[in-house]
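The structure under discussion appears below in the form of structure tokens.
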Amino acid sequence: MYDTSKKSVWYGEHRSSRGNTVIIYDKQFPEAPAGRVYFYNTTRDVIIEYAEEIVKPHLHELSNEDLAVAEANYGAAWELAREAFMEKHSGWVEANNPKAASLAKKPKAEPEPIMETEEDSELEVESADDDDFNRGWSNDDLDD
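Quick note on this note's numbering: the sequence shown kicks off at 368 and runs consecutively.
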């Protein structure tokens, strides 16, 4: 049986008629549907949802030597699979694990634009009395 009371990540072995496989359980995984549990399967290199009632009797602790070998052999692949799985389920993780939400990357704030002002400059405004305003349109076009 997987015991996560000592560690948040549990390495173990799933023994079946098809062979033995090192599997990894993480407490921080999103909660699986009722009666199900997620394990990283090192043979398939993917996190799989198992029926807990069926898989539980086939789970066995690794010896200290086997644990060290498993961590060395599967640690990097496990981290990549875990990261992808957690990203896919990020909504659940943020809602149910406040620590993970606070560790999530926050978007960088946009820098404030720098406004340069010239105190001695005056705004130039054209008046309606300028000659340019009255040029260009003739009153003849409006009589039609």
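Positions of the beta carbon are idealized from the N, C-alpha and C atoms, including for glycine.
Go to residue i, then tell me how far its alpha helix (DSSP H) extends in each direction, as first and last residue.
i    : result
G442 : N431 to K455
E419 : E419 to V422
When the Cα of residue i is compared with those of the options, which residue comes out closest?
i    : options                   : result
Y392 : R385, N431 and K373       : K373
V436 : S383, I390 and R382       : I390
A448 : E398, A439, F406 and T388 : F406
S375 : F396, N387 and A444       : F396
W377 : W445, E450, M453 and E420 : W445
H325 : I414, T409 and A401       : Nothing can be reported for residue 325, as the shown portion of the chain is limited to 368 through 511.
E416 : A401, E454 and S430       : A401
May I ask which residues mark the beginning and end of the beta strand (DSSP E) holding residue i?
i    : result
S383 : V376 to S383
H427 : L426 to E428
Quick one, are the C-beta atoms of residue i and residue j less than 7 Å apart?
i    : j    : result
H425 : R385 : no
H427 : E398 : no
V404 : E420 : no
Tell me, which residues are paired with residue i by DSSP?
i    : result
F406 : I415
Considering only heavy atoms of the ligand SAM, does any lie closer than 6 Å to the CB of residue i?
i    : result
A439 : Ligands displayed in this structure: none; no statement on the ligand SAM is therefore possible.
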